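Everything in the first sequence is counted per numbering that gives the first Met the number 0, starting at 0 for the first residue and increasing by one.
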Amino acid sequence: MAYWLIKSEPDAFSWDEQVANDVEPWTGVRNHQAKKNLAGMKVGDRAFFYHSNVQRAIVGVVEIVREAYPDPTAESGNWVCVDVKTVGPMPSPVTLADIKQDEALTDLALVRQSRLSVCPVSVEHWQYLCRMGGWSGD
DNA sequence: GCCAACGTTGGC
DNA sequence: GCCAACGTTGGC
0 MAYWLIKSEP
10 DAFSWDEQVA
20 NDVEPWTGVR
30 NHQAKKNLAG
40 MKVGDRAFFY
50 HSNVQRAIVG
60 VVEIVREAYP
70 DPTAESGNWV
80 CVDVKTVGPM
90 PSPVTLADIK
100 QDEALTDLAL
110 VRQSRLSVCP
120 VSVEHWQYLC
130 RMGGWSGD
């Protein structure tokens, strides 16, 4: 199974809304590299839910429950989305500042390509970030 | 196909 | 609010 990180501006769609909705279609991605990442997601993969812009922190964990299908919010039909399900909140959110300070995380896609809204996370980084956030996991 | 202009994202 | 990074558009 693979690991990912998906970004959302809390003003547009926040973690609280994700928790309230439980399962949410992850739509609106309009970047080819991000699309490629979405298309590579499998059911059962997990992703960090990251708040960009105002909070800048990993605030929770979600699971992919439906693989890439045409994004209904795209008129062209050329974009895709996936469905993600709430797994749980990070006990202590991992901030971007924390991540940037940590030498083990300098090659994280989140840091290297700040504008990419859907990025892959290696197993090593996933476990490392989980430890930082106090995620006991399952 | 190159490149300048412009728009958007996201950190600070 | 500013700016850097990056994507897109359009003229040539």
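In this text, a Cβ means the ideal position worked out from N, Cα and C, and glycines have one as well. Bear in mind the structure is a predicted one, so any value in this text is a computation, not a measurement.
- When DSSP states are grouped into helix, strand and coil, E62 belongs to the strand group.
- Straight-line measurement puts the Cα of I5 at about 13 Å from the Cα of G39.
- Distances from the alpha-carbon of N52 to those of W134, S13 and W3 put S13 closest.
- From the listed residues A1, S121, P90 and K84, the smallest Cα separation to T105 is found for S121.
- According to DSSP, residue pairing for K6 in a beta bridge involves Y49.
- The beta carbon of L95 sits closer than 7 Å to the beta carbons of R55 and A56 from its chain, once the five residues preceding and following it are set aside; these are given in chain order.
- The three-state secondary structure of D97, taken from DSSP, is helix.
- For V120, the enclosing beta strand (DSSP E) starts and ends at V117 to V120.
- Excluding the 5 residues flanking it on each side, P90 has same chain C-beta neighbours closer than 7 Å at G132, G133 and W134, in chain order.
- When the alpha-carbon of W78 is set against those of D21, T26, L115 and A19, the nearest one is in T26.
- Short of 6 Å from the beta carbon of C80, and not among the five residues preceding or following it, lie these beta carbons of its own chain, in chain order: P24, W25, T26 and D70.
- Put simply, the backbone Cα of I63 is about 20 Å away from that of A11.
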